[in-house]
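Colleague: Starting off with a structure, shown below.
Number of protein chains: 2
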Amino acid sequence: MIMNKQILLKSRPDGMVGREHFETVETSLPVSLNEGELLVKALFVSVDPYMRGRMSASKSYVQPYELGKPISGGIVAEVMGSKHSDFRSGDVVLGNLTWTEQQVVNGSVVTKLQQGLAPLSYYLGILGMPGLTAYFGLLHIGEPKPGETVVVSGAAGAVGVVVGQIAKIKGCRVVGIAGSDSKVAYLKNELHFDEVINYHTTTDMPAAIAKACPDGVDVYYDNVGGEISDAVLQYINKFARIIVCGQISMYNSTEIPMGPRPQVALVKNSAFMKGFIVSDFSEHFPEGVKQLATWIGEGKLEYQETIMKGFDALPDAFIGLFRGENTGKLLVEI
Amino acid sequence: MIMNKQILLKSRPDGMVGREHFETVETSLPVSLNEGELLVKALFVSVDPYMRGRMSASKSYVQPYELGKPISGGIVAEVMGSKHSDFRSGDVVLGNLTWTEQQVVNGSVVTKLQQGLAPLSYYLGILGMPGLTAYFGLLHIGEPKPGETVVVSGAAGAVGVVVGQIAKIKGCRVVGIAGSDSKVAYLKNELHFDEVINYHTTTDMPAAIAKACPDGVDVYYDNVGGEISDAVLQYINKFARIIVCGQISMYNSTEIPMGPRPQVALVKNSAFMKGFIVSDFSEHFPEGVKQLATWIGEGKLEYQETIMKGFDALPDAFIGLFRGENTGKLLVEI
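Just so you know, the sequences run in chain order A and B.
Take 1 as the starting number for the first sequence in the working numbering and just add one per residue.
Take 1001 as the starting number for the second sequence in the working numbering and just add one per residue.
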């Protein structure tokens, strides 16, 4: 038996998530593999806002984590041993795995990655769940047309940076909403957003939206919800499309959040608001990965990662998501 | 010059609309017609909830009524004189006309109705705006499938009764929400809704929805908004479609109404909420009228009208809309 670290859900957060909700333990590995199994070693571990929902007891679009059981999420891992005919040692795989340094998994639950096309960590970001979330939400739900105004909240996050850049590729006026001056500078100077609003320093969000969107809002890609979205909704155009991707401002709420009802604005403008999860589009994933990789190769898509180091950094990395600290995709290199 | 009655917007309601907001005046008619003009006499005048929005100063999807100017809306009228080659005396036309007993209009703003197919008043209801609103909202936005559960609020209203019956034609389980026991009885016994909830006597709406929709809600046709919709939203299924047609509970509000934010439910269920106005589908109107008339002819669509009598009844008829007094389409025969 070899020993290795694993991180469990110790207790369910009631409000803001903290280090006290995680517990690191030593766990053992079986010394031999059964037919079809792999021993894999985590290389890159993703932390994502949706995981906060799984820490609560109530059912969301994914099952809650179990108390006393390991956290799980997107992980890129190296195959250390294989009893599965499709895999050999040295292969790199992507899967929804547990927060464990080394683990045994069935080969059927992971996908082998083609090495050399892009950095392996990209498969947790721009070529993985966040990138595909941006791609399908914006293009398949929002259907932006050249010249339209696209607003994206959480603009500097893993999804937001991809949404804004794809909208630029499609010929739209892109307005981002982000939470620090450094993020604003990055989005304007590096990613060429047309306007970016710092919601922390703006005292009048509706006025800021009105100024940044003189022709109104045709597509709103909503990663955050709450008062930022209330302000955007005041300026939507006829036939506007609101893509409700995440509601990060709500995930640590302990009660159903209240706000101005959006229905009247939807009726007045023949607009729609649609929620989704990236797996709704799973049959189109190959198309999305191919297009995103092509744009990266052509230099049309910039991509930035914040990589924290070491297995022990995982809880802090996750908590940091809700403090608005990361620019681009946040992940942990083991 | 001949004299005839006309009803003006006297003042803008701030809250509930009342008789004090209307003024009846005598107005004159020119004795001769210019080329292209018709003299028409109102036969049936429609009162509809959306008109409340036009009484306020703020722009909605239609322009506000002007103070001191006549109210306008859907009217079926008889041609009394014509200087337009497409019309002759005795023709019956449909148009958006002013609340005036007799008026001169350009022939280009009215549509000649085929007499004898259906009662003329039907063109203000099931074959007119409310019927087409039900038809396109339910079928083109909601896209109900056989076996799905369709919930409709304002179920006994002009739109609601058509929504529920089309959903039954499409093989759905239909649950109505209405405001009196007589409406409940009518919807269950005459229109064969599967379940109908009386929101006035139900003390726990969420529980009532849960009981009436054991398989959850796939399509919600929302005519009313507010707490009724909040309750329905708790039970939507994956990929649910919410058609936001009217928000009658909101029209007399003086401030932006607050409520639980629907976005989290939309994300959890990959659901959408879409507002619309019937004119969004104007290019498909002939298809809608033909299908509705066919269903009426086949006895598949029941239709009920509440007809008040006399030009002077117009303000009371309109105010009655917001008291939940009418079953089926409310209109005034002049």
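In this text, a Cβ means the ideal position worked out from N, Cα and C, and glycines have one as well.
#1: Please decide whether Gly259(A) counts as near chain B, where near means a Cβ-Cβ distance under 8 angstroms.
#2: Answer yes or no: does any C-beta atom of chain A fall closer than 8 angstroms to that of Phe1322(B)?
#3: By Cβ distance, which residues of its chain are closer than 7 angstroms to Val1321(B), with the 5 residues on each side in sequence left out?
#4: Taking the runs of the alpha helix (DSSP H) that are 4 residues or longer, which of them lie wholly in the stretch 1093-1136 of chain B?
#5: Start and end of the beta strand (DSSP E) containing Arg346(A)?
#6: Below 8 angstroms, can you find three or more Cβ-Cβ pairs linking the stretch 129-146 of chain A to the stretch 109-121 of chain A?
#7: In whole angstroms, what separates the C-alpha of Val1093(B) from that of His1200(B)?
#8: Spatial neighbours of Asn106(A) within its chain, please: C-beta separation below 7 angstroms, excluding the five flanking residues on both sides.
#9: Can you pull the chain B residues whose beta carbon is under 9 angstroms from the beta carbon of Pro146(A), in chain order?
#10: State yes or no: is the C-beta of Gly1090(B) nearer than 7 angstroms to some heavy atom of the ligand SAM?
#11: Exposed or buried, what is Arg241(A) when buried is set at 16 or more other beta-carbons lying within 10 Å of its beta-carbon?
#12: Name the residues in the stretch 265-286 of chain A whose C-beta lies less than 7 angstroms from a C-beta of chain E; which are they?
#13: Could you give the first and the last residue of the continuous alpha helix (DSSP H) run that contains Tyr50(A)?
#14: What in chain A is Cβ-close to Ile1236(B), meaning under 9 angstroms?
#15: Using the Cα positions of Tyr65(A) and Ser72(A), report the straight-line distance between them to the nearest angstrom.
#16: Taking a Cβ distance cut-off of 7 angstroms, strictly less, list which residues of the stretch 89-114 of chain A are near chain B, in chain order.
#17: For Arg19(A), which residues of its own chain have a beta-carbon under 6 angstroms away from its beta-carbon, when the five flanking residues on both sides are left out?
#18: State the beta-bridge partners of Leu331(A) as determined by DSSP.
#19: Have a look at the DSSP bridge pairing and note the partners of Thr24(A).
#20: Does Val244(A) have its Cβ less than 8 angstroms from a Cβ in chain B?
#21: Given a cut-off of 8 angstroms, decide if Gly288(A) and Phe136(A) are closer than it, judged by their beta-carbon atoms.
#22: Have a look at Phe1285(B) and Leu1132(B) and give me their C-alpha separation to the nearest angstrom.
#23: Are the beta-carbon atoms of Asn223(A) and Gly160(A) separated by less than 8 angstroms?
#24: DSSP three-state label for Ile71(A), please.
#25: Cβ of Gln1063(B) less than 8 angstroms from any chain A Cβ?
#26: Counting beta carbon pairs with one atom in the stretch 1149-1156 of chain B and one in the stretch 1212-1222 of chain B, are three or more of them shorter than 8 angstroms?
#27: From the DSSP output, in three-state form, read off Gly176(A) for me.
#28: Can you tell me the Cα-Cα spacing of Ser229(A) and Arg261(A), whole angstroms?
#29: Using only the alpha-carbon positions, how far apart do Tyr1303(B) and Gly147(A) sit?
#30: I want to see whether chain B comes within less than 8 angstroms of Ile75(A), judged by CB atoms only; does it?
#31: Per DSSP, what kind of secondary structure is Leu1233(B) in: helix, strand or coil?
#32: What does the Cβ neighbour count give for Pro1214(B), buried or exposed, with the cut at 16 atoms within 10 Å?
#33: In chain order, what residues of the same chain lie with their CB nearer than 6 angstroms to the CB of Val1174(B), ignoring the 5 residues before and after it?
#34: Using only CA atoms, which one of Met3(A), Leu138(A), Ser56(A) lies nearest to Gly15(A)?
#35: Relative to the alpha-carbon of Val1110(B), which residue among Pro1130(B), Gly1171(B), Lys1238(B), Ser1082(B) has its alpha-carbon at the smallest distance?
#36: Using the Cα positions of Lys1010(B) and Gly1299(B), report the straight-line distance between them to the nearest angstrom.
Modeller: In short, the structure shows the following:
#1: yes
#2: The beta carbon of Phe1322(B) sits no closer than 8 angstroms to any beta carbon of chain A.
#3: The displayed chain sequence assigns Leu, not Val, to residue 1321(B). So the qualifying residues of the chain are Val1047, Pro1049, Leu1330.
#4: 1129-1136
#5: In this structure chain A extends from 1 to 334, so residue 346(A) is not present and cannot be described.
#6: no
#7: Approximately 39 angstroms between the Cα atoms of the pair.
#8: Gly36, Glu37
#9: Under the 9 angstroms cutoff, chain B gives no residues; its nearest Cβ is about 22 angstroms from Pro146(A).
#10: Absence of the ligand SAM from the depicted structure is noted, as is the absence of any ligand whatsoever, leaving it without description.
#11: buried
#12: Among the chains of the structure shown, chain E does not appear; the protein chains present are A and B.
#13: Going by DSSP, Tyr50(A) is part of the alpha helix (DSSP H) stretching over 50-55.
#14: What Ile1236(B) touches in chain A: nothing, since even the nearest Cβ is about 10 angstroms away.
#15: Distance between the alpha carbons of Tyr65(A) and Ser72(A) is about 8 angstroms.
#16: none
#17: The beta carbon of Arg19(A) sits closer than 6 angstroms to those of Pro315, all from its chain and outside the five residues before and after it, given in chain order.
#18: In the DSSP assignment, Leu331(A) is bridged to Ser46(A), Ile307(A).
#19: Under DSSP, the beta-bridge partners assigned to Thr24(A) are Ile7(A).
#20: It does: the Cβ of Val244(A) has a partner Cβ on chain B nearer than 8 angstroms.
#21: yes
#22: Between the alpha carbons of Phe1285(B) and Leu1132(B) lies a gap of roughly 7 angstroms.
#23: yes
#24: coil
#25: no
#26: yes
#27: strand
#28: The straight-line gap separating the alpha-carbon atoms of Ser229(A) and Arg261(A) is approximately 11 angstroms.
#29: Rounded to the nearest angstrom, the two C-alpha atoms are 46 angstroms apart.
#30: With 8 angstroms as the cut-off, Ile75(A) does not count as an interface residue toward chain B.
#31: helix
#32: exposed
#33: Val1150, Gly1164, Ala1167, Lys1168, Phe1193, Asp1194
#34: When the alpha-carbon of Gly15(A) is set against those of Met3(A), Leu138(A), Ser56(A), the nearest one is in Ser56(A).
#35: Ser1082(B)
#36: 43 angstroms
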